[in-house]
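Chemist: Residue numbers (full-length UniProt numbering): 1 to 341.
All residues carry an ideal CB built from backbone N, CA and C; glycine is no exception.
Please see the structure below; I have some questions.
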Amino acid sequence: MTVQASAFDFELPAAREAHEPPEARGLTRDGVRLMVSWRDTGHIAHRRFADLPDLLEPGDLLVVNDSATLPAAVRLDKLAVHFSTEREDGSWLVELRHRTQAGGTRPYGGGAPGEWLPLPGQATLRLIERETPRLWRARLDRDVRTYLGEHGVPIRYSYIARDWPLADYQTVFARVPGSAEMPSAARPFSQRLVTSLVVRGIGIAPVTLHTGVASPERDEPPYQEWFSVPPATARQVNLARASGARVIAVGTTVVRALESAAGDDGRVRAAAGWTDRVVTPEIGVRAVDGLVTGLHEPRSSHLMMLAAIGGGELIARGYEEALAKEYLWHEFGDTHLILTR
């Protein structure tokens, strides 16, 4: 059966948005709520993220994204520039956004090819051409990563009331700088929780996928992102599946990376490069048996990926329960574990 994004066209009240990190709400990182959905039984349970080791079995493999978050937002007087993705020729995809009086941003439809934007620190950004309806290919007159380290701040949207340090946007697995926005599914992991998982016999293997800007006002498929699945991780995934254990992706970014490296036979091979793969129920998944993820906006293309793993009916019912039980959305919010079995 074909599942459409309109099947997940729910209203997200502002009260259901996480406005600050859980630590600011008196919780630990792993103290956020965890909804658990089992596709084989249709059962839905409600736990805490710290319970994750008890929900997995020895031999299961968690695959995590080790991409680290950049301070990717540069603020001007009336605009903000969100640096998204570095391209092969040294140019970057950027999103231009209006700054609001409340401190957030909203989409900005202006700009023209060849236009020059003066940035803080006497830097200059030249717009080259539109890459997507909201993203420009642009070039900065100096090294972007060094510049962001001096003048950038983490990207935040209007539902976040104030700036938070870059450390609040890093996961415990962050090793390779490159993501415009935090691979947030892994944020609830603490060092203590990782230790508990390993002691229980649950494996952890890394991939890298540098996330671009998500722009929550737009419902659109993800564009090309750079990923790497190392040989050791490919081997661990294949061994886990061959033994009957489950491979559980931590984040939609990990699903995208693993499915981009998987062959028609379901085996994952070492791979690196650009992927434009969009996982849908019609395409299905070949390499994962579960997903740890956050709660996604209405009509988001990510919900199609969730439906590919858990089934559209189960995901829709889970979101109804999450709203009724007052779960919190977005990168500082609550979480969802989807298991096929």
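Of all the options Ala-249, Asp-276, Ala-245, Leu-55, which has the alpha carbon lying nearest to the alpha carbon of Ser-260?
Modeler: Looking up residue 260 in the sequence shown gives position 260. Among Ala-249, Asp-276, Ala-245, Leu-55, the Cα nearest to that of Ser-260 is on Asp-276.
Chemist: Would you check if the distance between the CB atom of Pro-118 and the CB atom of Thr-124 is smaller than 9 Å?
Modeler: Start at 1 with the first residue of the sequence shown, and residue 118 comes out as number 118. Start at 1 with the first residue of the sequence shown, and residue 124 comes out as number 124. Yes, the Cβ-Cβ distance between Pro-118 and Thr-124 is below 9 Å.
Chemist: In three-state DSSP terms, what is Leu-12?
Modeler: Start at 1 with the first residue of the sequence shown, and residue 12 comes out as number 12. Three-state DSSP puts Leu-12 in coil, outside helix and strand.
Chemist: Suppose only complete runs of 3+ residues qualify. What are the beta strand (DSSP E) ranges in the region 74–124, listed by chain order?
Modeler: 79–86, 92–99, 105–107, 116–119
Chemist: Could you compute how far the alpha carbon of Ala-287 sits from the alpha carbon of Gln-236?
Modeler: If you number the sequence shown from 1, residue 287 lands on position 287. If you number the sequence shown from 1, residue 236 lands on position 236. Rounded to the nearest angstrom, the two C-alpha atoms are 12 Å apart.
Chemist: Just reading off the alpha helix (DSSP H) that Ser-190 is part of, what are its end residues?
Modeler: Taking the first residue of the sequence shown as 1, we reach residue 190 at position 190. Here Ser-190 belongs to no alpha helix (DSSP H), and DSSP marks it neither H nor E.
Chemist: Could you give the uninterrupted runs of the alpha helix (DSSP H) lying entirely in the region 163–211, keeping only those of 4 residues or more?
Modeler: As summarised for the region 163–211, the continuous alpha helix (DSSP H) elements at least 4 residues long and confined to that stretch are 191–199, given in chain order.
Chemist: What would DSSP say about Leu-55, mapped onto helix, strand or coil?
Modeler: For the purposes of this step, residue 55 is taken as the residue at position 55 of the sequence shown. In this structure, Leu-55 counts as helix in the three-state DSSP scheme.
Chemist: Using a threshold of 9 Å, state whether the C-beta atoms of His-98 and Leu-79 are closer than that.
Modeler: On the sequence shown, residue 98 is found 98 positions in, with the first residue counted as 1. On the sequence shown, residue 79 is found 79 positions in, with the first residue counted as 1. Judged by their CB atoms, His-98 and Leu-79 are nearer to each other than the 9 Å cut-off.
Chemist: Note down, in chain order, each residue of its chain lying with its Cβ closer than 8 Å to the Cβ of Leu-148, except the 5 sequence neighbours on either side.
Modeler: Your numbering for residue 148 matches position 148 in the sequence shown. Here the set comprises Leu-70, Pro-71, Ala-72, Val-74, Phe-83.
Chemist: Looking only at its own chain, which residues have a Cβ that is under 8 Å from the Cβ of Asp-264, when we skip the five neighbours before and after it?
Modeler: Walking along the sequence shown from the start, residue 264 turns up at place 264. Cβ neighbours of Asp-264 beyond the five flanking positions: Arg-286.
Chemist: Should the region 35–44 be called in touch with the region 183–197, which here means at least 3 C-beta pairs below 8 Å?
Modeler: Touching, no.
Chemist: Can you list, in chain order, the residues of its chain whose CB lies under 8 Å from that of Ala-205, leaving out five sequence neighbours each side?
Modeler: Taking the first residue of the sequence shown as 1, we reach residue 205 at position 205. Taken in chain order, the residues that qualify are Leu-61, Leu-62, Val-63, Val-64, Ala-232, Thr-233, Gln-236, Val-237.
Chemist: What are the boundary residues of the beta strand (DSSP E) that includes Leu-135?
Modeler: The residue given as residue 135 occupies position 135 in the sequence shown. Going by DSSP, Leu-135 is part of the beta strand (DSSP E) stretching over 135–140.
Chemist: Cβ of Leu-295 within 9 Å of Cβ of Leu-328?
Modeler: Here residue 295 is taken as the residue at index 295 of the sequence shown, counted from 1. Here residue 328 is taken as the residue at index 328 of the sequence shown, counted from 1. Yes, the pair counts as a contact, with Cβ atoms nearer than the cut-off.
Chemist: Between which two residues does the alpha helix (DSSP H) harbouring Glu-320 extend?
Modeler: Within the sequence shown, the letter at position 320 stands for residue 320. It spans 312–324 - the alpha helix (DSSP H) in which Glu-320 sits, taken as one unbroken run.
Chemist: What residue does the beta strand (DSSP E) around Glu-225 start on, and which one ends it?
Modeler: Walking along the sequence shown from the start, residue 225 turns up at place 225. Looking at the DSSP string, the run of the beta strand (DSSP E) that includes Glu-225 is 225–229.
Chemist: Opposite Met-35 in the DSSP bridges: which residues?
Modeler: Within the sequence shown, the letter at position 35 stands for residue 35. His-46, His-336.
Chemist: Please state whether the Cβ-Cβ distance between Glu-95 and Ser-179 is less than 9 Å.
Modeler: Position 95 of the sequence shown, counted from the first residue, corresponds to residue 95. Position 179 of the sequence shown, counted from the first residue, corresponds to residue 179. No, these two residues do not count as a Cβ contact at 9 Å.
Chemist: Compute the Euclidean distance between the alpha carbons of Pro-120 and Trp-164, then round it to the nearest angstrom.
Modeler: Walking along the sequence shown from the start, residue 120 turns up at place 120. Walking along the sequence shown from the start, residue 164 turns up at place 164. Cα-Cα distance, rounded: 20 Å.
Chemist: What does a CB cutoff of less than 6 Å around Asp-289 pick up in its chain, not counting 5 residues either side in sequence?
Modeler: The residue you call residue 289 lines up with position 289 of the sequence shown. Taken in chain order, the residues that qualify are Arg-246, Val-247, Thr-340.
Chemist: Within this structure, are the beta carbons of Arg-16 and Glu-326 separated by less than 9 Å?
Modeler: Along the sequence shown, one-based indexing puts residue 16 at 16. Along the sequence shown, one-based indexing puts residue 326 at 326. Between Arg-16 and Glu-326, the gap from beta carbon to beta carbon is short of 9 Å.
Chemist: Consider the C-beta atom of Arg-126 and the heavy atoms of the ligand ATP; say whether any pair is separated by less than 8 Å.
Modeler: Questions concerning the ligand ATP fall outside what the structure shown contains, since it holds no ligand whatsoever.
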